[in-house]
Amino acid sequence: MPPPGGSAKPQDGRRMCIHWRVWLRPLLVVLYVLFVIIVVPLLIADSVKDGFTRKGQLVLIGGLFVLCAIPISIWQIAQHTIHYTQPQLQRHIIRILWMVPIYALNALLCLIYPRKSIYMDSIRECYEAYVIYNFMKYLLNYLNLEMDLERALEFNTQTHHFIPCCCLSTWQMGREFVHNCKHGILQYTVVRPLTTVIACICQLNHVYGEGQFRASVAFPYLVFINNCSQSIAMYCLALFYRATRNELRAMRPLPKFFCIKAVIFFSFFQSVIIYFLVYYGIIKDIFDSNTSEFESQLELSTKLQNFLICIEMFLAALAHHYSFSHHPYVLNIPQCDGRGSQPWYSGLLTMLDISDVRQDVSEHLGEVGSSLSRRFRGRAVYDMAPGSSRT
Numbered sequence: 001m002p003p004p005g006g007s008a009k010p011q012d013g014r015r016m017c018i019h020w021r022v023w024l025r026p027l028l029v030v031l032y033v034l035f036v037i038i039v040v041p042l043l044i045a046d047s048v049k050d051g052f053t054r055k056g057q058l059v060l061i062g063g064l065f066v067l068c069a070i071p072i073s074i075w076q077i078a079q080h081t082i083h084y085t086q087p088q089l090q091r092h093i094i095r096i097l098w099m100v101p102i103y104a105l106n107a108l109l110c111l112i113y114p115r116k117s118i119y120m121d122s123i124r125e126c127y128e129a130y131v132i133y134n135f136m137k138y139l140l141n142y143l144n145l146e147m148d149l150e151r152a153l154e155f156n157t158q159t160h161h162f163i164p165c166c167c168l169s170t171w172q173m174g175r176e177f178v179h180n181c182k183h184g185i186l187q188y189t190v191v192r193p194l195t196t197v198i199a200c201i202c203q204l205n206h207v208y209g210e211g212q213f214r215a216s217v218a219f220p221y222l223v224f225i226n227n228c229s230q231s232i233a234m235y236c237l238a239l240f241y242r243a244t245r246n247e248l249r250a251m252r253p254l255p256k257f258f259c260i261k262a263v264i265f266f267s268f269f270q271s272v273i274i275y276f277l278v279y280y281g282i283i284k285d286i287f288d289s290n291t292s293e294f295e296s297q298l299e300l301s302t303k304l305q306n307f308l309i310c311i312e313m314f315l316a317a318l319a320h321h322y323s324f325s326h327h328p329y330v331l332n333i334p335q336c337d338g339r340g341s342q343p344w345y346s347g348l349l350t351m352l353d354i355s356d357v358r359q360d361v362s363e364h365l366g367e368v369g370s371s372l373s374r375r376f377r378g379r380a381v382y383d384m385a386p387g388s389s390r391t
């Protein structure tokens, strides 16, 4: 019996925290139902208030797809949090799964406020670089759990470059191969946020020119840089898969590779194609607009891109549910005794803890600096070779 005035309520609170696995899923269901009850009428009312224009229709349809996509991903994140038995792998899976809610909400907000999309897209663009990093770490951690990857690859058949890169020098299997693939992917983690910051600065100074393919604005140059950086990262991922496909077979790598490439790389090229088609008038303006011709083109591009992303995130959520399933991490042990259990908020803290990213990016920048330093030193030695003169 608790003492008078006692500690029954604190004990009940502690018991609830210990047995969080029991109430987490029902709580998510209740919250989602309440969210739908509130949001769906608001979307319908907003569309009716605007006279059910084309924009209102797109917001309503896109919002319904977002409402379907987010719970699928949140449920899968909750399942990984409940069965958090391999943190070295699941921390990266949870970060990848958060991509759909972030992308979907971002796309819906950009659909509602297209003129502010460049600033809201900054979050999405930085997170996609974060996802690429986490997918790379997930693969490396999985392989290093089973073996010493660098040593094991030394005994594998040499993996050569794909066409049209076959003229490049072959990366020696082992440390050099893993090292080059890792840094080829990591460069995107640095380049993408950097170009995003540059785009925001250019927009504030009215020289960005989003959606315009003219030499006098920054947009086409940043698109070219992002395109090159993404292509290098995608190439290194494909080359890494080619070299380790036998070692990765047990974890069904193809659906996972497809999810990452389809969502991140396809969405980028899709946006460039839409900008191109709208800028050159191939896609007619189907939206009601009283703005100038350029603003109409920009809004059209933004709305089309974000409407498609709203739909695609629903498909991505289904694909993630299949590809990054929690079932391999379920252990047949009691989950509610509270001993050694992870707190219920561990999944969120895992996503927010970026100490591993800082460490790897610092290593990457240090490697780039060392490489440039070696090149400059080599050039200086060549310039000072016997027979050369210096005044």
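Be aware that the sequence shown starts at 1, since it is given in UniProt numbering, and climbs by one per residue.
A virtual CB, placed ideally from N, CA and C, is assigned to each residue, including glycine.
Just so we're clear, the structure is a prediction, and the values are computed from it rather than from any experiment.
* Got a sec, what are the start and stop residues for the alpha helix (DSSP H) N144 sits in? -> Taking the sequence shown and counting its residues from 1, the one referred to as residue 144 is at position 144. Looking at the DSSP string, the run of the alpha helix (DSSP H) that includes N144 is S117 to E146.
* Ends of the alpha helix (DSSP H) at I260? -> As a first step, residue 260 is located in the sequence shown; it is residue number 260 there, counting from the start. Start and end: P253 to I260.
* Asked: Does DSSP put I163 in a helix, a strand or coil?
  -> Stepping through the sequence shown from its first residue, residue 163 is reached at position 163. Coil at I163, not helix or strand.
* To do: Quick one: grab the DSSP three-state call for T195.
  => Taking the sequence shown and counting its residues from 1, one reaches residue 195 at position 195. Three-state result, T195: helix.
* Give the straight-line distance between the Cα atoms of R374 and N227, rounded to the nearest whole angstrom. => For this step, residue 374 is matched to residue 374 along the sequence shown. For this step, residue 227 is matched to residue 227 along the sequence shown. R374 and N227: Cα-Cα distance of roughly 28 Å.
* Length of the line joining the Cα atoms of E146 and L315 -> Translated into positions along the sequence shown, residue 146 becomes position 146. Translated into positions along the sequence shown, residue 315 becomes position 315. So the alpha carbons of these two residues sit roughly 32 Å apart.
* To do: Spatial neighbours of A317 within its chain, please: CB distance less than 6 Å, with the 5 preceding and 5 following residues excluded, ordered by chain position.
  => Working through the sequence shown from its first residue, we reach residue 317 at position 317. So the list reads A69, I72, S73 and V100, once near-sequence residues are dropped.
* With burial defined as no fewer than 16 other Cβ atoms inside 10 Å of the residue's Cβ, what is the status of S47: buried or exposed? -> Residue 47 sits at position 47 when you count from the first residue of the sequence shown. Flag for S47 reads buried.
* **S122 vs G211 beta-carbon contact at 9 Å** => On the sequence shown, residue 122 is found 122 positions in, with the first residue counted as 1. On the sequence shown, residue 211 is found 211 positions in, with the first residue counted as 1. It is not a contact, given that the beta carbons lie outside the stated cut-off.
* Compare the Cα-Cα distances from N141 to each of Y279, V330 and L248 and report the closest residue. => As a working mapping, residue 141 is identified with position 141 in the sequence shown. Of the candidates Y279, V330 and L248, the one whose C-alpha sits nearest the C-alpha of N141 is L248.
* **Assumed close pair residue 459, H364 - CB separation to whole angstroms, cut-off 8 Å** => The chain is shown from 1 up to 391; residue 459 falls before or after that span and cannot be answered.
* Asked: Per DSSP, what kind of secondary structure is T85 in: helix, strand or coil?
  -> The residue labelled residue 85 in the question sits at position 85 within the sequence shown. Coil at T85, not helix or strand.
* With a Cβ-Cβ cutoff of 9 Å, do A218 and I118 count as a contact? -> In the sequence shown, residue 218 corresponds to position 218, counting from 1. In the sequence shown, residue 118 corresponds to position 118, counting from 1. Their beta carbons are not under 9 Å apart, which means A218 does not touch I118 by this criterion.
* Alpha-carbon spacing of R358 relative to Y133, whole angstroms -> For the purposes of this step, residue 358 is taken as residue 358 along the sequence shown, with counting starting at 1. For the purposes of this step, residue 133 is taken as residue 133 along the sequence shown, with counting starting at 1. One C-alpha to the other measures close to 11 Å.
* Asked: CA-CA distance, Q335 and I93?
  -> Counting from 1 along the sequence shown, the entry for residue 335 is found at position 335. Counting from 1 along the sequence shown, the entry for residue 93 is found at position 93. Bear in mind that the predicted position of Q335 carries a pLDDT of just 49, short of 50, making it unreliable; the figure below should be weighed with that in mind. The alpha-carbon atoms of Q335 and I93 are separated by roughly 21 Å.
* Report the residue ranges of all alpha helix (DSSP H) runs contained in full by the stretch 24 to 101; include only those spanning at least 4 residues, in chain order. => 54 to 82 and 87 to 97
* Asked: What do you reckon, are the CB atoms on V29 and L67 nearer than 9 Å?
  -> The residue given as residue 29 occupies position 29 in the sequence shown. The residue given as residue 67 occupies position 67 in the sequence shown. No.
* Asked: If you draw a straight line from the C-alpha of Y127 to the C-alpha of A152, how long is it?
  -> Numbered from 1 along the sequence shown, position 127 holds the residue referred to as residue 127. Numbered from 1 along the sequence shown, position 152 holds the residue referred to as residue 152. If you take the alpha carbons of Y127 and A152, they lie about 32 Å apart.
* To do: Can you have a look at residue 404 and say buried or exposed, based on whether 16 or more other CB atoms are within 10 angstroms of its CB?
  => The question about residue 404 has no answer, for the chain in this structure spans 1 to 391.
* First through last residue of the alpha helix (DSSP H) which encompasses L222 -> Locating residue 222 in the sequence shown gives position 222, counting from the first residue. Its alpha helix (DSSP H) spans residues F219 to L248.
* Determine the burial state of C110: buried for a count of at least 16 other Cβ atoms within 10 Å of its Cβ, exposed for fewer. => Here the question's residue 110 lines up with position 110 in the sequence shown. That one is buried.
* **Same chain, Cβ closer than 6 Å to T159, neighbours up to 5 away in sequence not counted** => As a first step, residue 159 must be located in the sequence shown, where it is residue number 159. Cβ neighbours of T159 beyond the five flanking positions: R242 and A243.
* **Span separating the alpha-carbon of S289 from that of T53** => As a first step, residue 289 is located in the sequence shown; it is residue number 289 there, counting from the start. As a first step, residue 53 is located in the sequence shown; it is residue number 53 there, counting from the start. Residue placement at S289 cannot be trusted, given a pLDDT of 48 that sits under 50; what the coordinates show is reported in the next sentence. One Cα belongs to S289, the other to T53, and the distance between them is close to 11 Å.
* **DSSP-derived helix/strand/coil call for Q359** => Residue 359 sits at position 359 when you count from the first residue of the sequence shown. Three-state result, Q359: helix.
* Could you check how far apart the C-beta atoms of C236 and H320 are, in whole angstroms? I think they sit under 8 Å. => Counted from its first residue, the sequence shown places residue 236 at position 236. Counted from its first residue, the sequence shown places residue 320 at position 320. Actually they are not in contact, since the Cβ atoms of C236 and H320 sit about 22 Å apart, beyond 8 Å.
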